[in-house]
Amino acid sequence: MSQLSSADTETPEEAAPEIDEAREAVLAELTERIGDGVVGSHIRPGDDLWVRVDRANWVAAAEAAKAMGYRFFDFLSAIDWLPSPFGRDMDSQEDRVVSGAPAKEPEAMVQGYAGGETRFQLLARVYSISAGMGITFKCDLPDDDLTAATWTNVYAGANWHEREAREMFGFSFDGHPNMINLYLPADFVGHPLRKDFPLLARRVRPWPGIVDVEPMPGVADEEGEGE
Amino acid sequence: MTAISDPQSVAALAAEAVDNRVNLDFETEGMTLNMGPQHPATHGTLRIIARLDGEQVISAEPMCGYMHRGYEKLTEVRTYPQINALINRIDWLGSFANEVPFILAAEKLMGVEAPPRAQWIRTILFEMSRIANISLFLGDFGLQLGGMTAGFYAFRDREWVLNQIESATGGRFHPNFDRIGGLKDDLPKGWIESSHTAMDKLLAFCDELEDLLVGNEIFQARTRGIGVIPAEIALSYGLSGANLRASGVDWDLRRDNCPPGLVYDKADWKVWTHPDGDCFARTWVRLQETREAAKIVKQLLDTIPSGPVMAKVPRIIKVPEGEAYVATENPLGEMGYYVVSKGDLVPFRVKIRSASFNNISIVPWVARGAYVPDLISILGSLYFILGDIDR
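Chains as they are written, first to last, in my numbering: chain A, 12 to 238; chain B, 769 to 1159.
In structure tokens form, the structure reads like this:
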């Protein structure tokens, strides 16, 4: 059976074994509603649906999702895809420089599911209680203009999440009613969740993990061998 | 499913009326009331700035961040087992419940599944942390409204479940017991019998509290019809858990979207909802939830399968590249972790979706037009843990 002919399953009821088809149908309906706005997608069968929309359709995507019954607002945040020079692994660029080893080549930036072209991506998730499924939205934000339209008019709960994303990543949201810091003091400099914002505690005391991956006394010994 | 009952639509109208009132051209002399950061009704250091007109709240703005510990940043430099110890401190009253969704997300990315015995014990401890968390709410909410007795009873009977958690995991508050692929340890000898006793005590406590507190006339006067949240508003703010079910939305992640690794389908239990959406409904739903949790524990205790509690996992845990979001129904509501892994020892990014953050973001909406003493009822009944807001 072709997936295109499953028009009658567009509002998926109780997840059948073919849950993948249900998500395909959701994606198809979303594409129908916002047209070219969908620039990327990824489905993990029986688990989740990722949809990447372009910035102009960021709010349209929320409206479409809400009209499709995705009325529960889960969260809104962002991902910084820059490979961090700090603490990504046991010999990060910074650690090597500190210990006198030659610096490593920085890794290439690789975006996750549903692709992407920019360093910063908005990440939001909504959920449909009747369908029992969620949609994870992503949206590329160009480095020179980290702005998006606000979701607060569609999902009121986005208010605080956007305030958090603003202070932690340095975004701004057009039309947001109360664009002030939520956690940080008003005079705080920098955006802590950006990958190039150093974690000072980590600088003062370098990678603690290298001692901690020693086997734990007792159980870990027997279980570790069976890999 | 999400029909708006009468008191709810009335409240929506009332909120609209307040809106109109605030926009009037002339202004009576207002007053700004600062609640907190230290206030008994705030479970930590939440500060609320309320603008008052007489006894009525014109606007209430929570100020967060007094307890922000930067967990999302810290997760980027900690290994997965280390993060497990860290996230125990998010909702410190139901610590074990914090570990589970994170471990499940890592297990999903690794394609590991815990053996059945571990799944059973996980579910039991999960429900025990729910009881430990919510029984404190029931007592504490009574305390905030002037019913001291409830507070003492809750602290007394909560010991029963804390002792069980402690004897199984070694930690009263921060078990750090869940592992990728299973559990740290098996149950101690005699634990199943003593847990049955503890659950019986807790069930008796629920009955007692129902008479003592929920049936109390003053308590009802302070909570009925106060702080009504219509279902549609609750959904768009992302309210979850008992706060959402008290607005009549029949949704529980344990029943409707239980992630693999928890065995709620093996017990016979019920999801309670209440149509009113007020402070009383939220308390009532939580009381029923505690009772159901005790029933789940009792049933699962009798059916624990034998076998190992740990699957074969590599000693050094590297999680394969990928993204996963796993959410569970925690004592405070939906708690989820969006984990982005790049195949390293540490996650690339973890977005922590904590329940209280969304639950408390509705305060400016619901407090508008309420009276000052009702603000205490509203804050208390929305039930938040500061660590769960600030992370």
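Glycine included, C-beta positions come from ideal geometry on N, C-alpha and C.
Which residues DSSP lists as bridging residue i, in chain order
i	result
T800 of chain B	B:R819
M835 of chain B	Answer is none; M835 of chain B lacks a bridge partner.
V62 of chain A	A:S52, A:F148
A1002 of chain B	DSSP lists no partner for A1002 of chain B.
V825 of chain B	B:L820
E1091 of chain B	B:V1108
M1078 of chain B	B:G950
D91 of chain A	A:F131
M916 of chain B	For M916 of chain B, which the question treats as bridged, DSSP gives no partner whatsoever.
S903 of chain B	Per DSSP, none; premise fails for S903 of chain B.
N1098 of chain B	B:G1101
is_contact[residue i, chain A] using C-beta, thresh 9 Å
i	result
H1040 of chain B	A small correction: the amino acid at residue 1040 of chain B is Trp; His does not occupy that position in the sequence shown. Chain A contact via Cβ: absent.
G1075 of chain B	no
N852 of chain B	no
N1025 of chain B	yes
R767 of chain B	An answer regarding residue 767 of chain B cannot be provided, because it is not within the stretch 769 to 1159 covered by chain B.
W1052 of chain B	no
W860 of chain B	no
I855 of chain B	no
G995 of chain B	no
S863 of chain B	no
S1015 of chain B	no
I772 of chain B	Unreliable positioning characterises I772 of chain B in this predicted model, as indicated by a pLDDT of 49, which lies under 50. A coordinate reading is not provided.
K957 of chain B	no
I1146 of chain B	no
K876 of chain B	yes
E1097 of chain B	no
Neighbouring residues, chain A, relative to residue i (Cβ below 8 Å)
i	result
L1003 of chain B	R82, F83, F84, I140
G1006 of chain B	F83, F84, D85, F86, Y166, G168
Test item: CB-CB of residue i and residue j under 9 Å
i	j	result
L977 of chain B	L906 of chain B	yes
F864 of chain B	V1118 of chain B	no
A169 of chain A	F84 of chain A	yes
R1159 of chain B	E867 of chain B	no
L1003 of chain B	R82 of chain A	yes
L133 of chain A	A167 of chain A	no
A73 of chain A	R44 of chain A	no
C1047 of chain B	G1101 of chain B	no
K149 of chain A	G181 of chain A	no
T1058 of chain B	I899 of chain B	yes
A135 of chain A	L60 of chain A	no
H53 of chain A	A125 of chain A	yes
Neighbour flag for residue i against chain B, beta carbons, 9 Å
i	result
P203 of chain A	yes
L134 of chain A	yes
W69 of chain A	no
M179 of chain A	yes
D54 of chain A	It should be noted that the sequence gives Ile, not Asp, for residue 54 of chain A. No, I54 of chain A does not count as interfacial toward chain B.
D91 of chain A	yes
V165 of chain A	yes
S95 of chain A	yes
D31 of chain A	no
Chain-ordered neighbours of residue i on chain A, where CB pairs are closer than 9 Å
i	result
Y1032 of chain B	Those do not exist, as Y1032 of chain B stays about 15 Å from chain A at its closest Cβ, beyond 9 Å.
D1158 of chain B	Y194
Contacts of residue i in chain A (Cβ-Cβ under 7 Å)
i	result
N1126 of chain B	G168
S1129 of chain B	G168, N170, W171
W1019 of chain B	I140
H836 of chain B	Y194
Contact set between residue i and chain B, taken where Cβ atoms lie within less than 9 Å
i	result
D59 of chain A	E1091, A1092, Y1093
G127 of chain A	What G127 of chain A touches in chain B: nothing, since even the nearest Cβ is about 12 Å away.
Option nearest residue i by Cα separation, candidates the options
i	options	result
A1061 of chain B	B:W1133, B:R815, B:V1031, B:L1003	B:V1031
Y1106 of chain B	A:A78, A:I146, A:L211	A:I146
G1090 of chain B	B:L877, B:E829, B:S827	B:L877
L195 of chain A	B:I1128, B:M831, B:I1146	B:M831
F894 of chain B	B:N1127, B:D859, B:G910	B:D859
R34 of chain A	A:L211, A:G48, A:S95, A:P56	A:P56
R1054 of chain B	B:K1038, B:K1066, B:L1068, B:L1069	B:K1038
F131 of chain A	A:L93, A:S139, A:S52, A:P203	A:L93
L1068 of chain B	B:A780, B:E961, B:N856	B:E961
M896 of chain B	B:R846, B:D968, B:G919	B:D968
A75 of chain A	A:D59, A:S95, A:A89, A:E40	A:E40
F1125 of chain B	B:F923, B:Y1005, B:T1071	B:Y1005
Closer than 7 Å at the beta carbon, the chain B residues around residue i
i	result
L195 of chain A	G833
L210 of chain A	K841, V845
G123 of chain A	E1091, V1108
Contacts of residue i in chain B (Cβ-Cβ under 8 Å)
i	result
S88 of chain A	Y1106, K1119
Fill in: Residues of the stretch 141-156 of chain A whose Cβ lies closer than 8 Å to any Cβ of chain C, in chain order
The chain labelled as chain C is not found among the protein chains of the depicted structure, namely A and B.
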